[in-house]
């Protein structure tokens, strides 16, 4: 017989280690975080939040069946690439979001073709109008 567990508000909360400014996420800063590795079940990858985030580039789906999302986000002049694995369904609502976004993410270094760049792995988001990553209205 399966045990039943009552879902509480704390079960739905995201773990966030700190709020940061996107412009502070340099390769040097991310490489410093990587000294905390190896990451895994007992040592989760650092997770951050940022507010006042704007779309720098329209979201696009990618991968087989458009399962994943890629986009560019910014709070200052420097846009950062972001990916949301398994969240292709966010493309329309995040593209239509009203006002700046609040985001939860894990920063990482993307190494591709001999180049390194800071990239965000988007975990969740909420618009200034109260729409969140689940597509629901979180203001009600």
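Numbering (the numbering used here), first residue to last: 50 to 189. The beta-carbon is built from N, C-alpha and C at its ideal position, and this holds for glycine as well. Predicted model, so just to flag it, every value in this text is computed and none were measured.
Between the alpha carbons of residue i and residue j, how many angstroms are there, rounded?
i: residue 115; j: residue 137; result: 6 Å
i: residue 68; j: residue 141; result: 26 Å
i: residue 163; j: residue 139; result: 30 Å
i: residue 91; j: residue 74; result: 24 Å
i: residue 66; j: residue 113; result: 32 Å
i: residue 176; j: residue 161; result: 31 Å
i: residue 77; j: residue 156; result: 12 Å
Tell me where the beta strand (DSSP E) around residue i begins and ends.
i: residue 98; result: 97-111
i: residue 62; result: No beta strand (DSSP E) holds residue 62; DSSP gives it neither H nor E.
i: residue 159; result: 150-161
i: residue 171; result: 164-176
i: residue 71; result: Segment: none, residue 71 is in no beta strand (DSSP E) and carries neither H nor E.
i: residue 118; result: 117-123
i: residue 129; result: 129-133
Residue i lies in the alpha helix (DSSP H); which residues open and close that run?
i: residue 142; result: 140-144
i: residue 80; result: 76-82
Identify, in the order they occur along the chain, each residue of the same chain with its Cβ nearer than 7 Å to the Cβ of residue i, setting aside the five sequence neighbours on each side.
i: residue 72; result: 124, 125, 127
i: residue 88; result: 94
Looking only at its chain, what residues have a beta carbon closer than 8 Å to the beta carbon of residue i, apart from the 5 residues adjacent to it on each side?
i: residue 80; result: 158
i: residue 144; result: 104, 107, 108
i: residue 117; result: 110, 111, 132, 133, 134, 135, 136, 137
i: residue 85; result: 92, 95
Should residue i and residue j be called a contact, given that it needs their Cβ atoms to be closer than 8 Å?
i: residue 131; j: residue 97; result: no
i: residue 165; j: residue 129; result: no
i: residue 70; j: residue 99; result: yes
If you drop the 5 nearest sequence neighbours on each side, which residues of the same chain put their C-beta closer than 6 Å to that of residue i?
i: residue 172; result: 153, 154
i: residue 101; result: 124, 149
i: residue 121; result: 105, 106, 128, 130
i: residue 82; result: 95
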